[in-house]
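Structure first, then comments.
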Amino acid sequence: MMDRDAALASVAQQLACDRLLGLTFVPLVLRAAPEPIASAPPAARGPAPVIPAPPADPSRRQDSAERLRVLDETCVKGCRKCGLAETRTQTVFGQGNPAPRLVFVGEGPGYDEDKQGLAFVGAAGQVLTRMIGAMGLTRDEVFICNVVKCRPPGNRTPTADEILACSPYLWEQLRILQPEVIVALGAPAAKTLLHTSEFIGRLRGRFHDSYLSGVPGEGPCVPLMPTYHPAYLLRTPSEKRKTWEDLQQVMHHLGLPPRQTSSAEGDNG
Ligand code: URA
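Given below as structure tokens:
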């Protein structure tokens with residue numbers, strides 16, 4: 002049980018955080034998830050660019066890094082908006098390039114991530130590192146984060162309420178990062194970022210529009226490729242080939258040179 006001063010400090014922190022996220026009112030009723038949005042057919046997007054974009058200018062990197070730091074320090078680290086705050090060791094904000102072309106979004110921290118405070122550093126993280134390497138990139142070139150910033154006990158899937166409480170942080174991260182492409186790793190990330198209840202097996206394999214306002218159809222959108230979660234690939238290696246096909250589409254979109262399928266990422270072994 003919190004004492005009165007701690008409770009007041011927590012409310013003040015929450016209000017400061019809401020202001021940072023642009024929330025000017027306190028919702029009295031939790032809204033249900035909006036209706037699914039229709040995804041644009043791949044043909045409607047036109048040909049993918051083939052010229053790699055120049056690196057982000059240093060002032061944008063600095064600005065983005067600072068805004069991410071403030072979001073983490075002001076909002077995420079002390080967050081107590083859901084029950085996961087009771088059981089976490091620490092929050093896991095995510096890490097990587099503050100001005101990335103590509104962002105990977107997973108589900109939520111596991112045991113190792115909760116202990117280390119870093120996203121994707123356990124067994125699934127090793128698979129993700131190999132996936133990124135197979136694309137010809139390094140972890141430092143991309144940004145890696147999760148839908149929820151605290152470990153769900155026993156690594157269970159986060160509940161709809163936990164996702165609803167935490168997703169404003171993810172949307173704000175994405176608005177700061179301004180990636181050219183987002184890869185959603187697994188169903189919770191894809192469903193959250195696309196406001197859909199469709200199965201991952203039906204979503205993967207093509208680009209969808211993800212609206213960074215967090216409201217379908219409003220504001221700028223970023224192409225999002227849903228694919229299988231690395232932990233699922235550890236259990237179901239036969240799906241690695243499809244995942245590699247998804248990542249190849251992302252590479253093509255970013256104008257990255259094609260690469261041979263490596264045994265770790267692309268085959269069925
Ligand atoms: N699984 C996730 O979804 N995220 C992590 O950070 C680790 C495992």
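Take 2 as the starting number for the sequence shown in my numbering and just add one per residue. Cβ atoms here follow ideal geometry from the backbone N, Cα and C, with glycine treated the same way.
Inter-residue distance for Ile133 and Asp6 is about 46 Å (C-alpha atoms, whole angstroms). Secondary structure in the region 200 to 263: the beta strand (DSSP E) runs of 3 residues or longer, each lying completely within the stretch, are 209 to 212 and 222 to 228 in chain order. The continuous alpha helix (DSSP H) containing Ala86 extends over residues Leu85 to Thr88. For Val106, the secondary structure class from DSSP, reduced to helix, strand or coil, is strand. Ranked by how close their Cα comes to the Cα of Ala66, the residues Arg176, Pro159, Arg81 and Gly84 have Arg176 in first place. When rounded, the separation of the alpha-carbon atoms in Asp247 and His253 is 10 Å. Minimum Cα-Cα distance from Ser168 among the listed residues Glu181, Cys151 and Ala100 corresponds to Cys151. Considering only Val149, Glu114, Val104 and Asn156, the residue with the shortest C-alpha distance to Val143 is Val104.
Ranked by Cα distance from Trp245, the options Val128, His209 and Pro99 are led by Val128. Per DSSP, the continuous beta strand (DSSP E) segment holding Cys146 begins and ends at Phe144 to Asn147.
Inclusion of Glu114 in the 7 Å shell around ligand 1 follows from its C-beta lying nearer than that to a non-hydrogen atom of the ligand.
Within the region 127 to 179, the beta strand (DSSP E) runs of at least 3 residues that lie entirely inside it are, in chain order, 144 to 147.
Between Leu171 and Val106, the C-beta gap is smaller than 8 Å, which places the two residues in contact. C-alpha of Thr75 to C-alpha of Pro238: approximately 40 Å in a straight line. The continuous alpha helix (DSSP H) containing Leu194 extends over residues Ala188 to Leu195. Per DSSP, reduced to three states, the secondary structure at Gln117 is helical. Just so you know, the alpha carbons of Cys146 and Glu108 end up roughly 8 Å apart.
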